[in-house]
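One structure below.
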Amino acid sequence: MPDPMLEIERVTKVFPGQRGMFATSAPVTALEDVSLGVAKGESFGLVGESGSGKTTLTRCILQLDAPTSGRIRFEGEDLATLTPAALRALRARIQIVFQDPFASLNPRMSVHDIVTEPMLIHARTLGLGRRQRTERAAEILSLVGLGPQHLHRYPHEFSGGQRQRICIARALAPGPSLVLLDEPTSALDVSVQAQVLNLLIDLQRRLGLTYFFISHDLGVIHYVCDRVALILRGRIVEEGETQALFAAPESEYARSLIAAMPEVRFP
Amino acid sequence: MSDAALPPPPESARSLAWRRAFFRFRQSGLSMLGAAIVLLVIFVAIFGPWLAPFPEHVAGGVDTANRFRPPSWAHPFGTNELGQDVFSLVLAGTRISVLAGLGVVVIAALVGVVVGAIAGFAGGWTDEILMRLTDLKLVIPGLILAMAVAAAMGPGIVNMVIAISLAWWPGFARLVRGEVLAKKEEAFVTAARAIGASPARILFRHILPNIVSPVMVKMSLDMGFAILTVASLGFIGIGVRPPTPEWGTMLSVARAYMPDFWWTAVFPGAAMFLAIFGFNLLGDGLRDVLDPRARR
Amino acid sequence: MALLEIRDLHLAMRSFDGEAHVLNGIDLSVERGEVWGLVGETGCGKSLTGLSVSRLVPAPPARYMQGEIRFDGRDLLTLSEREMQGLRGHRIGMIFQDPTTNLNPVFRVGTQLVDVALAAARREPSILPAPGGRRGARALAVQMLDKVGIPDAAGRIDDYPHQFSGGMRQRVLIAMALIGRPDLLIADEPTTALDVSVQAQILKLLKAMVAEFGMGVVLITHNLGVVAQTCSHVAVMYAGNIVERGPVRTVLTAPAHPYTHALLRAIPTRGVPRGALAGLPGTVPNLIDPPPGCRFAPRCARATAACTAAVPPAAELAPGHAVACLHPVREGADA
Numbered sequence: 001m002p003d004p005m006l007e008i009e010r011v012t013k014v015f016p017g018q019r020g021m022f023a024t025s026a027p028v029t030a031l032e033d034v035s036l037g038v039a040k041g042e043s044f045g046l047v048g049e050s051g052s053g054k055t056t057l058t059r060c061i062l063q064l065d066a067p068t069s070g071r072i073r074f075e076g077e078d079l080a081t082l083t084p085a086a087l088r089a090l091r092a093r094i095q096i097v098f099q100d101p102f103a104s105l106n107p108r109m110s111v112h113d114i115v116t117e118p119m120l121i122h123a124r125t126l127g128l129g130r131r132q133r134t135e136r137a138a139e140i141l142s143l144v145g146l147g148p149q150h151l152h153r154y155p156h157e158f159s160g161g162q163r164q165r166i167c168i169a170r171a172l173a174p175g176p177s178l179v180l181l182d183e184p185t186s187a188l189d190v191s192v193q194a195q196v197l198n199l200l201i202d203l204q205r206r207l208g209l210t211y212f213f214i215s216h217d218l219g220v221i222h223y224v225c226d227r228v229a230l231i232l233r234g235r236i237v238e239e240g241e242t243q244a245l246f247a248a249p250e251s252e253y254a255r256s257l258i259a260a261m262p263e264v265r266f267p
Numbered sequence: 268m269s270d271a272a273l274p275p276p277p278e279s280a281r282s283l284a285w286r287r288a289f290f291r292f293r294q295s296g297l298s299m300l301g302a303a304i305v306l307l308v309i310f311v312a313i314f315g316p317w318l319a320p321f322p323e324h325v326a327g328g329v330d331t332a333n334r335f336r337p338p339s340w341a342h343p344f345g346t347n348e349l350g351q352d353v354f355s356l357v358l359a360g361t362r363i364s365v366l367a368g369l370g371v372v373v374i375a376a377l378v379g380v381v382v383g384a385i386a387g388f389a390g391g392w393t394d395e396i397l398m399r400l401t402d403l404k405l406v407i408p409g410l411i412l413a414m415a416v417a418a419a420m421g422p423g424i425v426n427m428v429i430a431i432s433l434a435w436w437p438g439f440a441r442l443v444r445g446e447v448l449a450k451k452e453e454a455f456v457t458a459a460r461a462i463g464a465s466p467a468r469i470l471f472r473h474i475l476p477n478i479v480s481p482v483m484v485k486m487s488l489d490m491g492f493a494i495l496t497v498a499s500l501g502f503i504g505i506g507v508r509p510p511t512p513e514w515g516t517m518l519s520v521a522r523a524y525m526p527d528f529w530w531t532a533v534f535p536g537a538a539m540f541l542a543i544f545g546f547n548l549l550g551d552g553l554r555d556v557l558d559p560r561a562r563r
Numbered sequence: 564m565a566l567l568e569i570r571d572l573h574l575a576m577r578s579f580d581g582e583a584h585v586l587n588g589i590d591l592s593v594e595r596g597e598v599w600g601l602v603g604e605t606g607c608g609k610s611l612t613g614l615s616v617s618r619l620v621p622a623p624p625a626r627y628m629q630g631e632i633r634f635d636g637r638d639l640l641t642l643s644e645r646e647m648q649g650l651r652g653h654r655i656g657m658i659f660q661d662p663t664t665n666l667n668p669v670f671r672v673g674t675q676l677v678d679v680a681l682a683a684a685r686r687e688p689s690i691l692p693a694p695g696g697r698r699g700a701r702a703l704a705v706q707m708l709d710k711v712g713i714p715d716a717a718g719r720i721d722d723y724p725h726q727f728s729g730g731m732r733q734r735v736l737i738a739m740a741l742i743g744r745p746d747l748l749i750a751d752e753p754t755t756a757l758d759v760s761v762q763a764q765i766l767k768l769l770k771a772m773v774a775e776f777g778m779g780v781v782l783i784t785h786n787l788g789v790v791a792q793t794c795s796h797v798a799v800m801y802a803g804n805i806v807e808r809g810p811v812r813t814v815l816t817a818p819a820h821p822y823t824h825a826l827l828r829a830i831p832t833r834g835v836p837r838g839a840l841a842g843l844p845g846t847v848p849n850l851i852d853p854p855p856g857c858r859f860a861p862r863c864a865r866a867t868a869a870c871t872a873a874v875p876p877a878a879e880l881a882p883g884h885a886v887a888c889l890h891p892v893r894e895g896a897d898a
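Chains as they are written, first to last, in the numbering used here: chain A, 1 to 267; chain B, 268 to 563; chain C, 564 to 898.
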């Protein structure tokens, strides 16, 4: 792939065993030799169940954890070689939306503060003054389907779907180029999920974003993603174009997942 | 779509949350009783010396002709061995106990929050050292420690408050450390780190505001014990010196005159009981209302 | 006589803002051998309906305003707590969502199963095999663990819950719910917390158990796919009302209620091209001050003035297929 935006090269992550009173537990290999490439502007899906390593992978991309071996490159730069200052600046360009809209918002912060915080932290790179930040927050809220009247409310006043929109707004605030989405609609009702998925697709088109979309729901992946990889117990099991993979899955895991998905379909 | 004038913050958002909490609080009769008692105690603490019918006795004056008068209309709580009106003394003593108790709780909370927050947030060696320090303090019985410090520092209410606070802060430190450790794992803290927030910002903007509730609950629950400790020190003769009226010293003196002149002990004791009981009920009620597990 | 018959059930819940009218006239009839899917989105009242059958809804702040829940002829709402305890576990079994918190971590799995078996045996001693008493209960527990697919049941019966995986724990919970040979099983989101592959296995197990024991089941879920795979009948709920009910194939392939229709169109299946998914505009109504008449009317494209006049009664479109709508969707027409 020429000039990928995100390049994950043979990443392995091993968590050392926990020291207990009587024995040390075995080390856990969360990721093993994972290699992926995400092109600019595409929607890349990662399908995995609990314990597959997908969360560990997002933490490594965000540099919240360091890989035991292997490299992660973003826009050509090896993330491990960044200075602390450069790493901080990087955080404006890679953002994340989490699964649980209830837990990922600070209950004591107003929506205004939540959405302007990333702009405040990266004030030097973005060069926005206080007034500009508030204006931009209002703009972004409109972009995600909320309004300026919501600026001074608190998270608990909103429904799950609205809270997830606030999370999306927060992610968009510093103007990122890559957005990680960790099961962004799994905690939402079906009708709300449809709205949020459509919003995400629309935003990608409008803002030229690149998505790294994690989900266990094959239907959602099929709807949103151009390419998809399946991860099982820390290893990438299969990878390819979404349509092709679903039409003709090669791996046993892909086949069993597709078969296990409960669908509204009668013989 | 940038508006020139953005809408002002509706104050209803915050005050609505308070009204909601108050509604839940009102559900419990015991909590309301606690709140009522505490309000009464605070009222007396502020206005006590002026309400006392015999302010000269509060200042130290004696009336030996009227020693040991049983409770009557003139002296609702009777008089003590110096002829002083026990009712006036109890009212005036409320101020000392409440102020001292408040002082202890506030100082202990401040110190405990600082130590606990640093330990919980920094982790590693800092955490280990600070927690072992806390453990050391907990090994020494609070009262003994307070006695030793107060004896070393000399008499007086300020010294007594400092002495007790020194024995009190480890409890807060443990609580705060636990809360900080728990909050550190919450999704919104991870989100803050992902945005690029510095550790200081995460601690002060994200974690600490979310542990205010349990700290406040502990403060109100501890008030009762603080008042008891102040009285205990007074009982064994440390801290406040006569003629300043204090429930503990009053009880200590009255001990010798039981059971004949029961009113000299019973009324100060009852006042103490009432104050502690009230703060405990209030603390319980606050905990039920502010418990973060009861999510809206 | 139906195994379970809920008639015109109205439930109100008191909160700070007022009293929410959370169940607005629920009518449901479950026979032995039927698996009813009770499906809806957050706040529709499906869990409350299920919990009401077991009388597990705390009575203040809840208040049953009218209606009855007839189980084998008796109105459960009139029974005392003691009589309800006699029914729970023995004739009405329940499975909840989270297998981690629903098993007591300090007791062995065998102990917990034996407890339930013995309690049920007090009412009906014939449940226990040969020696009866504690030995019989333990033998039955091993049998049940084996039936739900725990490998090496006799060896694992003395394990603690944390030694089982999530899917295994849910199997244990199913064993616990069924060991008393209940006539009615209420399963509240039994697979939502599980991985997809495990979910499929658990649903298959449930179907097998229903076939073997012949119970009636109420399966509460928000996932229409689960309903399609596992249930024989489905009742769709919205804001405290059952808006449509009937055989699962009929309702899900030719939905008559606009809400059911919209719900089905919101599911991303493989056939839906990008951007074509239809979300449902608007939000769920406030149940403290619900809209007059049909509660779905404010979001419905087909609503007319008549819809706000009164809650539409359930009308039978076909035998067994009822819709509470004045303008149901006809097959082939667009919603």
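By construction, the Cβ of each residue, glycine as well, lies at the ideal position given by its N, Cα and C atoms.
In this structure I830 of chain C is in contact with V190 of chain A, their Cβ atoms being roughly 6 Å apart against a cut-off of 8 Å.
Annotated three-state conformation of A798 of chain C is strand, per DSSP. DSSP places Y223 of chain A within a helical segment (H, G or I) once states are collapsed to three. Using a Cβ distance threshold of 8 Å, G600 of chain C and T784 of chain C count as a contacting pair. Around G41 of chain A, the same chain offers G208 and T210 as residues with beta carbons nearer than 7 Å, after the five sequence neighbours per side are excluded.
Between A440 of chain B and A386 of chain B, the C-beta gap is smaller than 8 Å, which places the two residues in contact. By the CB criterion at 8 Å, I749 of chain C and I690 of chain C fall outside the cutoff. The three-state secondary structure of T832 of chain C, taken from DSSP, is coil. Here the region 359-368 of chain B makes contact with the region 534-541 of chain B; the two share three or more CB pairs at distances below 8 Å. Relative to the Cα of E49 of chain A, the nearest Cα in the group C:K770, C:S795, C:S760 and C:I851 belongs to C:S760. When the five nearest sequence neighbours on each side are left out, the beta carbons in the same chain lying within less than 6 Å of the beta carbon of A521 of chain B are those of T531 and A532, in order along the chain. Contact annotation: in the region 786-811 of chain C, residues whose CB is within less than 9 Å of a CB in chain A are N786, L787, G788, V789, V790, A791, Q792, T793 and V811.
With respect to the 8 Å criterion, F534 of chain B and V416 of chain B are not classified as neighbours on the basis of their beta carbons. Here F659 of chain C carries a coil assignment [DSSP, helix/strand/coil]. Two segments are said to touch when three or more pairs of C-beta atoms, one from each, lie closer than 8 Å; by this definition the region 705-723 of chain C does not touch the region 625-639 of chain C.
Straight-line measurement puts the Cα of V781 of chain C at about 7 Å from the Cα of G613 of chain C. For the region 30-112 of chain A, the continuous beta strand (DSSP E) assignments of 3+ residues that do not extend past its boundaries occur at 43-47, 69-74 and 94-97, in sequence order.
Within its own chain, the residues whose Cβ lies closer than 6 Å to the Cβ of A702 of chain C, once the five positions on either side in sequence are excluded, are P692, listed in chain order. With a 10 Å radius around the Cβ and a threshold of 16 neighbouring Cβ atoms, E604 of chain C comes out buried. Annotated three-state conformation of P810 of chain C is strand, per DSSP. Between L31 of chain A and L57 of chain A the beta-carbon gap is near 6 Å, inside 8 Å, which marks them as a contact. C-alpha of A173 of chain A to C-alpha of R136 of chain A: approximately 8 Å in a straight line. Taking a C-beta distance under 8 Å as the contact criterion, E594 of chain C and A575 of chain C do not qualify as a contact pair. If the five residues before and after Q195 of chain A are omitted, its C-beta is found closer than 7 Å to the C-beta atoms of G161, all from its own chain and listed in chain order. Counting only residues of its own chain and dropping the five nearest sequence neighbours on each side, A498 of chain B has a CB closer than 6 Å to the CB of W514, G515 and M539. Cβ-Cβ separation between V598 of chain C and C794 of chain C: approximately 5 Å, consistent with a contact (criterion under 8 Å). The beta carbon of A367 of chain B is closer than 7 Å to those of I424, M427, V428 and V497 in its chain, skipping five residues each way along the sequence. Neighbours of Q195 of chain A in chain C, taken as residues at a C-beta separation under 7 Å, are given in chain order as G842.
For G463 of chain B, the neighbours in chain A by C-beta distance under 9 Å run, in chain order, L87, R88, A89, L90, R91, A92, P118, I121, H122 and P174. Between L681 of chain C and the set C:A700, C:T823 and C:L880, the nearest pair of CA atoms involves C:A700. The C-beta of H156 of chain A comes no closer than 8 Å to any C-beta of chain C. Of all C-beta pairs linking the region 170-184 of chain A to the region 52-72 of chain A, three or more are shorter than 8 Å, placing the two stretches in contact.
Using beta-carbon distances, F471 of chain B does not count as an interface residue toward chain A, since no partner is under 8 Å. A residue is called buried once 16 or more other Cβ atoms fall within 10 Å of its Cβ, and D758 of chain C is buried on that count. For G491 of chain B, the CB contacts under 6 Å within the same chain, skipping 5 residues up- and downstream, are I543, F546 and N547 in chain order. DSSP places H324 of chain B in no beta strand (DSSP E) but in the uninterrupted alpha helix (DSSP H) bounded by P322 to V325.
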